[in-house]
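Novice: Top line first, the protein sequences correspond to chains A and B. With the first letter of the first sequence counted as 1, position 122 gets the number 122 in the working numbering; the numbers rise by one all the way through. With the first letter of the second sequence counted as 1, position 6 gets the number 143 in the working numbering; the numbers rise by one all the way through. This is the structure I have questions about; it appears just below.
Protein chains: 2
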Amino acid sequence: MKHKIKTSWKDQMTFDSQIDNHTLRIDTVAPLGTDSGPSPKKLLLASLAGCTGMDVVSLLNKMRVPFTNIDIDIEADLTNEHPKVYSEIRIIYRIFGNELNKEKVEKAISLSQEKYCGVSAMLKKNSPITYSVEYYD
Amino acid sequence: MKHKIKTSWKDQMTFDSQIDNHTLRIDTVAPLGTDSGPSPKKLLLASLAGCTGMDVVSLLNKMRVPFTNIDIDIEADLTNEHPKVYSEIRIIYRIFGNELNKEKVEKAISLSQEKYCGVSAMLKKNSPITYSVEYYD
Numbered sequence: 001m002k003h004k005i006k007t008s009w010k011d012q013m014t015f016d017s018q019i020d021n022h023t024l025r026i027d028t029v030a031p032l033g034t035d036s037g038p039s040p041k042k043l044l045l046a047s048l049a050g051c052t053g054m055d056v057v058s059l060l061n062k063m064r065v066p067f068t069n070i071d072i073d074i075e076a077d078l079t080n081e082h083p084k085v086y087s088e089i090r091i092i093y094r095i096f097g098n099e100l101n102k103e104k105v106e107k108a109i110s111l112s113q114e115k116y117c118g119v120s121a122m123l124k125k126n127s128p129i130t131y132s133v134e135y136y137d
Numbered sequence: 138m139k140h141k142i143k144t145s146w147k148d149q150m151t152f153d154s155q156i157d158n159h160t161l162r163i164d165t166v167a168p169l170g171t172d173s174g175p176s177p178k179k180l181l182l183a184s185l186a187g188c189t190g191m192d193v194v195s196l197l198n199k200m201r202v203p204f205t206n207i208d209i210d211i212e213a214d215l216t217n218e219h220p221k222v223y224s225e226i227r228i229i230y231r232i233f234g235n236e237l238n239k240e241k242v243e244k245a246i247s248l249s250q251e252k253y254c255g256v257s258a259m260l261k262k263n264s265p266i267t268y269s270v271e272y273y274d
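This is how it looks when you write it as structure tokens:
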């Protein structure tokens, strides 16, 4: 299977990526850009959040574990030297629900990180990824 | 330096990532999702396009190489087995301009791929990245 995207320069540091039916504006902050969209590197973190988030939702549904909300916070350290890469990525999964089955939640997250999430599998070849889980009513 | 993003589950496979001042909707296609935003993995390719695109614009400006447009097409092959990762990523840089200095354009692209683009440096730890350049008036 192939994935294809087209990206066009607009002005200064502004680009539009055409991803299937969606146009994603990418930009950077002043003085180089005009902050009209997210900056490129952080899209890696959004990609990771979406990938593992969808896994966890799917797996919790399959395991019949009800939840009311999921927040995923990601923090990453950037190296100082070029090329500036993430030296470490930390994920906090915040799972909301009543009487959550923590064992199943942790199984779902572990399955995503170890087996299913392709974005995590790719990024961790360069950037170690650690995670923790927090529970909320 | 640290990068931080927050991502919240909305419904089904829909997530909103808060990236600084920007909210990025992430979703997947039917039957699991509602295609209300790009799918997670392809955001890696948009990240790569934006990163190398900004490098090339900056470097061409510094080199005083005028251009009228830049399109960046990216195609990536996905593995069949979980975790599904990109086994190869191919980039086509389409550079538009009159009497372009091809040597300088190729120097700019090569500097991005070999030295400056952190997204490329990270992704190529897993996925070999190749590129070609095409010129248009």
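Note that beta-carbon positions come from the ideal geometry of N, C-alpha and C, so glycine has one too. These figures come from a predicted structure and were not determined experimentally.
(1) Got a sec? Which residues, its chain only, sit under 6 angstroms from Ile211/B by beta carbon, not counting five neighbours each side?
(2) Comparing the C-beta of Lys107/A with each C-beta of chain B, is any distance below 9 angstroms?
(3) Please state whether DSSP places Ser145/B in a helix, a strand or coil.
(4) Whole angstroms is fine: what's the gap from Asn80/A's alpha carbon to Met138/B's?
(5) Give the list of continuous beta strand (DSSP E) stretches no shorter than 3 residues that lie fully inside the segment 30-99 of chain A.
(6) Based on Cα-Cα distance, which residue from Ile89/A, His82/A, Lys10/A lies nearest to Lys124/A?
(7) Give a yes or no on whether the C-beta atoms belonging to Asn238/B and Val202/B are separated by under 9 angstroms.
(8) Between the alpha carbons of Gly97/A and Asp137/A, how many angstroms are there, rounded?
(9) Grouping DSSP H, G and I as helix and E and B as strand, with all else coil, what is Lys239/B?
(10) Nearest-angstrom Cα distance between Lys147/B and Met54/A?
(11) Smallest Cα separation from Lys178/B: which of Gly37/A, Ser36/A, Tyr86/A, Val119/A?
(12) Name the chain A residues that come within less than 7 angstroms of Ile163/B, Cβ to Cβ?
(13) Find the nearest neighbour of Phe152/B within the set Asp164/B, His159/B, Ile142/B, Asn158/B, judged by alpha-carbon distance.
Specialist: From the atom records:
(1) A distance below 6 angstroms between beta-carbons, with the five flanking residues on each side excluded, links Ile211/B to the following residues of its chain, in chain order: Leu182, Ala186, Ile228.
(2) Not closer than 9 angstroms to any Cβ of chain B, the Cβ of Lys107/A fails to qualify, so no.
(3) Strand.
(4) Cα to Cα, the separation comes out at about 8 angstroms.
(5) Whole beta strand (DSSP E) segments, 3+ residues: 69-78, 86-96.
(6) Checked all of Ile89/A, His82/A, Lys10/A; the closest Cα to Lys124/A is Ile89/A.
(7) Result yes, Cβ atoms of Asn238/B and Val202/B sit closer than 9 angstroms.
(8) Spanning the two alpha carbons is a distance of roughly 5 angstroms.
(9) Three-state DSSP puts Lys239/B in a helix.
(10) Those two C-alpha atoms are separated by around 11 angstroms.
(11) Nearest to Lys178/B by alpha-carbon distance, out of Gly37/A, Ser36/A, Tyr86/A, Val119/A, is Val119/A.
(12) Here the neighbours are Ala46, Gly50.
(13) Considering only Asp164/B, His159/B, Ile142/B, Asn158/B, the residue with the shortest C-alpha distance to Phe152/B is Asp164/B.
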